[in-house]
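Chemist: Residue numbers (our numbering), protein chains in the order written: chain R, 1 to 354; chain F, 355 to 649. Ideal Cβ positions, reconstructed from N, Cα and C, are used throughout, including at glycine. All values derive from a computational prediction rather than experimental measurement. What follows is a structure written as structure tokens; I'll ask about it next.
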């Protein structure tokens with residue numbers, strides 16, 4: 001219970017962020033970011049997701065004030081235009097992949113640094129640092145040197161250091177990437193709990209779609225300096241805007257189909273259809289393809305590989321023609337390489353790309 | 355090296371080696387044999403002359419107390435103090451100039467960058483005599499500075515043949531080493547640390563004081579220690595500028611060649627060595643292991 005009490009007392013303002021025509025062209029003419037318009041709601045956690053070089057970190061650095069946008073771009077925190085303010089005057093909290101803790105200071109000194117810079121009185125500073133360390137379960141490490149901490153502990157110190165100054169916005173640049181898988185999961189849960197509890201506007205950059213889905217209220221998928229799609233995790237997953245988003249998030253199967261007069265032909269089957277007419281490319285998630293018997297299946301194929309994942313068995317099925325399909329079967333399924341299977345397609349769960 | 359010796363196949367031994375017996379047999383003997391050439395060189399060219407020097411220092415009329423009475427001579431004590439003051443001043447000024455210049459050179463790329471770095475490190479190639487010659491051309495009786503001040507009607511400014519000239523020469527000559535060390539250390543600074551400090555509201559000056567200088571500290575201490583030791587022992591520049599300059603290496607030279615006071619010269623030499631070594635030892639303990647690694 002003390003946790004929730006603490007979180008209620010430590011609640012931050014939810015400042016919206018507005019980006020207007022924020023593009024970035026580096027000296028030499030390389031375009032890192034096409035002009036971008038985006039409104040981040042107050043208190044929202046927004047995740048920029050994309051492969052490296054897609055412009056997500058550049059966008060974060062423009063919001064932070066570490067890069068300035070091309071001349072006609074503007075960055076607004078609430079109603080205030082902060083475009084011309086350098087990072088030290090924007091009051092943002094930043095968390096980096098490499099932790100970026102000051103090696104010449106203890107844990108408590110690291111957390112106190114922003115308060116010291118703001119000339120907060122010593123007594124007040126001490127109380128706030130202690131409160132923050134308790135919130136992050138770091139109380140016992142206050143006097144430790146940074147090199148005596150594990151990666152997960154270091155990133156919690158970095159979070160504490162960024163939050164103790166009550167920033168207007170929290171910016172996280174791949175904060176979990178340097179951690180091993182198990183720590184990553186537990187710290188992700190902790191960050192999630194923290195962001196919900198604090199009510200702060202947070203911008204999170206990652207290349208990991210699992211992190212993006214788990215943490216984001218909305219996800220901005222980026223590719224080659226452009227926004228490919230903005231939406232909730234469900235929208236991104238179930239209604240990807242294009243082939244790139246579909247392939248980048250989760251596993252997506254591609255099927256060739258032909259639709260004519262309200263019906264859709266896939267393999268040997270004809271299904272009722274209300275989508276676009278003509279030759280279409282169909283996108284189907286593995287979990288939306290079901291194994292079926294020969295009588296009610298739409299598509300036949302041979303199992304090329306079966307990977308047991310515990311809760312399910314992931315099959316790669318090669319149909320008579322077209323690319324291989326990924327299908328999930330029950331964990332206890334005994335299907336193996338070379339077995340003949342039939343698949344059912346639910347037309348309501350299929351996306352068509354003309 | 356020892357690993358190679360251990361791993362070498364030994365046909366006359368069983369595969370499982372018996373435990374090494376104590377004493378000078380087997381492995382220790384082999385290691386001693388490998389160490390012998392280095393030990394011989396060390397003894398012949400360093401240990402023996404040093405011991406001889408220490409003995410000569412005590413070989414005068416005063417015996418071993420010469421090491422104390424040498425400093426009771428006010429001329430010698432003055433010489434020691436002015437050498438220490440000169441070296442400390444040179445070290446501080448060199449560190450300040452080189453840190454600013456080194457950081458600037460690492461962070462800013464501009465046309466002529468490589469040429470500027472090359473020019474700044476140029477004095478590395480000069481012996482002390484040439485440095486002294488350059489100081490005379492700059493601040494000597496026919497020097498550039500004197501000519502300019504005379505043309506301006508302020509009288510001829512000449513300071514080459516004094517401590518000021520020596521100071522200028524030593525700073526010029528020390529900057530390249532320190533600048534190279536600072537540049538190497540500054541290249542390795544994590545830019546994220548500075549960004550983190552700035553995100554917390556730190557101004558540029560605070561970033562320098564709280565992030566950059568602490569990170570450069572080991573390199574600065576190591577470079578400063580070398581700069582100090584070099585200034586303590588340098589001779590060529592002082593010799594070129596004037597035989598009257600009262601620094602310890604000059605005093606030793608004067609005692610040795612002009613006064614033929616070999617015992618005093620030896621005692622002063624040992625003291626000079628001890629003080630310089632102590633300065634390096636203190637720097638090493640303050641900076642942790644990094645001085646040993648860098649120096």
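Taking a Cβ distance cut-off of 9 Å, strictly less, list which residues of the region 64 to 76 of chain R are near chain F, in chain order.
Modeler: If the cut-off is 9 Å between Cβ atoms, the region 64 to 76 of chain R has 64, 65 and 66 near chain F.
Chemist: In three-state terms, what does DSSP make of residue 24 of chain R?
Modeler: Position 24 of the first chain, counted from the first residue, corresponds to residue 24 of chain R. The answer is strand: DSSP assigns residue 24 of chain R an E or B state.
Chemist: Along the chain, where does the alpha helix (DSSP H) that runs through residue 94 of chain R open and close?
Modeler: As a position in the first chain, residue 94 of chain R is number 94, starting the count at 1. Counting along the chain, residue 94 of chain R falls outside any alpha helix (DSSP H), though it belongs to the beta strand (DSSP E) covering 92 to 95.
Chemist: Compute the beta-carbon to beta-carbon distance between residue 478 of chain F and residue 403 of chain F, rounded to the nearest angstrom, for a pair I have assumed lies under 8 Å.
Modeler: Indexing the second chain from 1 puts residue 478 of chain F at position 124. Indexing the second chain from 1 puts residue 403 of chain F at position 49. Not quite, the Cβ-Cβ distance comes to about 28 Å (not below 8 Å), so this is no contact.
Chemist: Counting along the chain, where does the alpha helix (DSSP H) carrying residue 245 of chain R start and finish?
Modeler: The count along the first chain starts at 1 and reaches residue 245 of chain R at position 245. Element bounds for residue 245 of chain R: 243 to 248.
Chemist: Return the chain-ordered list of same chain residues with a C-beta closer than 8 Å to the C-beta of residue 31 of chain R, the five sequence neighbours on each side being excluded.
Modeler: If you number the first chain from 1, residue 31 of chain R lands on position 31. Answer for residue 31 of chain R: 23, 24, 25 and 225, listed in chain order.
Chemist: Would you call residue 349 of chain R buried or exposed, if buried means 16 or more other Cβ atoms sit within 10 Å of its Cβ?
Modeler: Start at 1 with the first residue of the first chain, and residue 349 of chain R comes out as number 349. Residue 349 of chain R should be labelled exposed.
Chemist: How would you list, in chain order, the residues of chain F whose beta-carbon sits under 9 Å from the beta-carbon of residue 104 of chain R?
Modeler: Along the first chain, one-based indexing puts residue 104 of chain R at 104. Under the 9 Å cutoff, chain F gives 564, 565, 568, 569 and 571.
Chemist: Measure from the alpha carbon of residue 108 of chain R to the alpha carbon of each residue in R/230, R/164 and R/306, then state which is nearest.
Modeler: Indexing the first chain from 1 puts residue 108 of chain R at position 108. When each option's Cα is compared against that of residue 108 of chain R, the closest is R/164.
Chemist: Which residues mark the beginning and the end of the alpha helix (DSSP H) in which residue 455 of chain F is found?
Modeler: Working through the second chain from its first residue, we reach residue 455 of chain F at position 101. Element bounds for residue 455 of chain F: 428 to 461.
Chemist: Using beta carbons (cut-off 8 Å, strictly below), is residue 100 of chain R in contact with chain F?
Modeler: Counted from its first residue, the first chain places residue 100 of chain R at position 100. Answer yes: the Cβ-Cβ gap between residue 100 of chain R and chain F drops below 8 Å somewhere.
Chemist: Would residue 118 of chain R count as contacting chain F if we go by Cβ distances under 8 Å?
Modeler: Stepping through the first chain from its first residue, residue 118 of chain R is reached at position 118. Yes, residue 118 of chain R lies at the interface with chain F (some Cβ there is under 8 Å from its Cβ).
Chemist: Taking the alpha-carbon of residue 424 of chain F as reference, which of F/621, F/636 and F/640 has the nearest alpha-carbon?
Modeler: For this step, residue 424 of chain F is matched to residue 70 along the second chain. Comparing Cα-Cα distances from residue 424 of chain F to each of F/621, F/636 and F/640, the minimum goes to F/621.
Chemist: List the endpoints of the continuous alpha helix (DSSP H) containing residue 192 of chain R.
Modeler: Walking along the first chain from the start, residue 192 of chain R turns up at place 192. Residues 181 to 198.
Chemist: Is residue 125 of chain R near the ligand ADP - that is, is its Cβ less than 7 Å away from at least one heavy atom of it?
Modeler: Looking for the ligand ADP in the displayed structure turns up nothing, as the structure carries no ligands at all.
Chemist: Are three or more beta carbon pairs between the region 170 to 187 of chain R and the region 127 to 137 of chain R nearer than 8 Å?
Modeler: Taking 8 Å as the limit for Cβ pairs, the verdict is that the region 127 to 137 of chain R does not touch the region 170 to 187 of chain R.
Chemist: Residue 318 of chain R bridges to which residues according to DSSP?
Modeler: Here residue 318 of chain R refers to the residue found at position 318 of the first chain. Per DSSP, R/302.
Chemist: Let me confirm a value: residue 462 of chain F is counted as buried when at least 16 other C-beta atoms fall within 10 Å, else exposed. Which label applies?
Modeler: Counting from 1 along the second chain, the entry for residue 462 of chain F is found at position 108. Exposed, by the Cβ-count rule.
Chemist: Where does residue 148 of chain R fall in DSSP's three states?
Modeler: Stepping through the first chain from its first residue, residue 148 of chain R is reached at position 148. Correct three-state label for residue 148 of chain R: helix.
Chemist: 8 Å is my cut-off, CB to CB: does residue 281 of chain R come that close to chain F?
Modeler: Start at 1 with the first residue of the first chain, and residue 281 of chain R comes out as number 281. Taking Cβ atoms only, chain F never reaches closer than 8 Å to residue 281 of chain R, which makes this a no.
Chemist: So residue 221 of chain R packs on residue 49 of chain R, CB below 8 Å; how close in whole Å?
Modeler: Numbered from its first residue, the first chain carries residue 221 of chain R at position 221. Numbered from its first residue, the first chain carries residue 49 of chain R at position 49. Yes, residue 221 of chain R and residue 49 of chain R are in contact; Cβ-Cβ is about 5 Å, under 8 Å.
Chemist: Interface residues of chain R around residue 550 of chain F at Cβ under 7 Å?
Modeler: The residue given as residue 550 of chain F occupies position 196 in the second chain. Going along chain R in sequence order, the residues near residue 550 of chain F (Cβ under 7 Å) are 94, 96 and 100.
Chemist: Tell me which residue opens and which closes the alpha helix (DSSP H) that residue 559 of chain F is part of.
Modeler: Translated into the one-based positions of the second chain, residue 559 of chain F becomes position 205. Looking at the DSSP string, the run of the alpha helix (DSSP H) that includes residue 559 of chain F is 558 to 561.
Chemist: Per DSSP, residue 60 of chain R is paired with what?
Modeler: Walking along the first chain from the start, residue 60 of chain R turns up at place 60. DSSP lists no partner for residue 60 of chain R.
Chemist: Between the alpha carbons of residue 274 of chain R and residue 346 of chain R, how many angstroms are there, rounded?
Modeler: Taking the first residue of the first chain as 1, we reach residue 274 of chain R at position 274. Taking the first residue of the first chain as 1, we reach residue 346 of chain R at position 346. Taking the straight line joining both Cα atoms gives about 13 Å.
Chemist: Do you know how far the Cα of residue 635 of chain F is from the Cα of residue 356 of chain F?
Modeler: For the purposes of this step, residue 356 of chain F is taken as the residue at position 2 of the second chain. For the purposes of this step, residue 635 of chain F is taken as the residue at position 281 of the second chain. With a pLDDT of 40 at residue 356 of chain F, under the threshold of 50, the predicted position of this residue should be treated as unreliable, though the coordinate-derived value follows. Residue 356 of chain F and residue 635 of chain F: Cα-Cα distance of roughly 30 Å.
Chemist: Residue 630 of chain F and residue 576 of chain F - do their beta-carbons sit closer together than 8 Å?
Modeler: Mapped onto the second chain, residue 576 of chain F falls at position 222. Mapped onto the second chain, residue 630 of chain F falls at position 276. It is not a contact, given that the beta carbons lie outside the stated cut-off.
Chemist: Under 7 Å between beta-carbons, which chain A residues line up against residue 88 of chain R? List them in chain order, please.
Modeler: The structure shown contains no chain A; its protein chains are R and F.
Chemist: Just the Cα atoms here: how many angstroms apart are residue 76 of chain R and residue 257 of chain R?
Modeler: As a working note, residue 76 of chain R is residue 76 in the first chain. As a working note, residue 257 of chain R is residue 257 in the first chain. Approximately 47 Å between the Cα atoms of the pair.
Chemist: Between which two residues does the beta strand (DSSP E) containing residue 253 of chain R stretch?
Modeler: Taking the first chain and counting its residues from 1, one reaches residue 253 of chain R at position 253. Looking at the DSSP string, the run of the beta strand (DSSP E) that includes residue 253 of chain R is 253 to 260.
Chemist: Between F/501, F/578 and F/604, which lies nearest to residue 516 of chain F when the distance is taken from Cα to Cα?
Modeler: Your numbering for residue 516 of chain F matches position 162 in the second chain. Here the closest residue by C-alpha is F/604.
Chemist: Have a look at residue 358 of chain F and residue 46 of chain R and give me their C-alpha separation to the nearest angstrom.
Modeler: Stepping through the second chain from its first residue, residue 358 of chain F is reached at position 4. Stepping through the first chain from its first residue, residue 46 of chain R is reached at position 46. Any answer about residue 358 of chain F is weak, because its pLDDT of 40 lies below 50 and its placement is not dependable; what the coordinates show is given next. If I take the Cα positions, the gap works out to 58 Å.
Chemist: Any C-beta of chain F within less than 7 Å: which residues of the region 112 to 145 of chain R qualify?
Modeler: Within the region 112 to 145 of chain R, the residues whose Cβ lies closer than 7 Å to some Cβ of chain F are 113, 114, 117 and 118, listed in chain order.
Chemist: Output needed for residue 336 of chain R: all residues of its chain with C-beta closer than 6 Å, excluding positions within five of it in sequence on either side, in chain order.
Modeler: Residue 336 of chain R sits at position 336 when you count from the first residue of the first chain. Around residue 336 of chain R: 306.
Chemist: Let me check one thing: in DSSP terms, what residues is residue 204 of chain R bridge-paired to?
Modeler: To locate residue 204 of chain R, count along the first chain from 1; it is residue 204. Answer is R/47 and R/172, bridged to residue 204 of chain R.
Chemist: Mark residue 285 of chain R as exposed unless 16 or more other C-beta atoms lie within 10 angstroms of its C-beta, in which case mark it buried.
Modeler: Residue numbering aside, residue 285 of chain R sits at position 285 when the first chain is read from its first letter. Flag for residue 285 of chain R reads buried.
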